[in-house]
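Presented below is the structure to which this report refers.
Numbering (our numbering), first residue to last: 283 to 458.
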């Protein structure tokens, strides 16, 4: 029976070096992708929260009394109040005890002028035609922990502006 010499067992130094090099290249590649993945997750969460905020505000606008809502939020409204939301897009009531810990977003709503151009109807204006029953909402959302965030003085990269069209779904019984 022939015995093998102990030098024949195991891997040679060049084989081990190549294997360690390949493994370290794979691990470094995965570690390099972690910050990119975290940034994508954070951006996705931020976008989802903003969409929830916009959907909530648009939903409230569509379900509100048209005249009262336009008076409170329309172009002639004197004061615009900021609305506060947490990181999930859930509204935080003003004066809430834990507002400082939960506040992540501030939103402001403005109902713009009723002169919304309608496709195929060049005569639609705010005073005649179907455009009087349509309003454009401008919803500004800022990622801020300041409930008194000043949208007018902020940079455009801090504030995301969303627009939506709402229509009056109940007939105006006061008009002829």
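Beta carbons: idealized from backbone N, C-alpha and C, even for Gly.
Of the residues the options, which one's Cα is nearest the Cα of residue i?
| i | options | result |
| --- | --- | --- |
| residue 427 | 383, 352, 438, 433 | 383 |
| residue 391 | 377, 370, 366, 376 | 366 |
| residue 414 | 349, 425, 377 | 349 |
| residue 368 | 362, 398, 377, 381 | 381 |
| residue 326 | 416, 297, 371, 307 | 371 |
| residue 353 | 417, 311, 293, 298 | 417 |
| residue 386 | 302, 315, 374 | 374 |
| residue 362 | 307, 377, 432 | 432 |
| residue 451 | 435, 347, 401, 317 | 347 |
Among residues of its own chain, excluding the 5 on either side of residue i, which ones have a beta-carbon nearer than 7 Å to its beta-carbon?
| i | result |
| --- | --- |
| residue 343 | 351, 419, 448 |
| residue 235 | In the structure as shown, the chain begins at 283 and stops at 458. Residue 235 is therefore absent and cannot be evaluated. |
Whose C-beta lies closer than 6 Å to the C-beta of residue i among residues of the same chain, with five residues either side of it excluded?
| i | result |
| --- | --- |
| residue 409 | For residue 409, the pLDDT reaches just 49, beneath the cut-off of 50, and the residue's location in the model is therefore unreliable, leaving the point undetermined. |
| residue 300 | none |
| residue 321 | none |
| residue 293 | none |
| residue 295 | none |
What is the C-beta distance between residue i and residue j, in whole angstroms, given that I count them as a contact (C-beta under 8 Å)?
| i | j | result |
| --- | --- | --- |
| residue 424 | residue 393 | That belief does not hold up - the Cβ atoms of residue 424 and residue 393 are roughly 19 Å apart, past 8 Å. |
| residue 430 | residue 355 | The Cβ separation is near 19 Å, so there is no contact. |
| residue 446 | residue 340 | 5 Å |
By Cβ distance, which residues of its chain are closer than 8 Å to residue i, with the 5 residues on each side in sequence left out?
| i | result |
| --- | --- |
| residue 329 | none |
| residue 308 | none |
| residue 316 | none |
| residue 314 | none |
| residue 338 | 371, 373 |
(message) Would the stretch 325–338 count as touching the stretch 432–441 if we require 3 or more Cβ pairs under 8 Å?
(response) With the cut-off at 8 Å, the stretch 325–338 and the stretch 432–441 do not touch.
(request) Ignoring anything shorter than 4 residues or poking outside the stretch 298–381, list the alpha helix (DSSP H) runs there in chain order. (result) When DSSP assignments are scanned along the stretch 298–381, the uninterrupted stretches of alpha helix (DSSP H) that are 4 or more residues long and fall wholly within it turn out to be 348–355.
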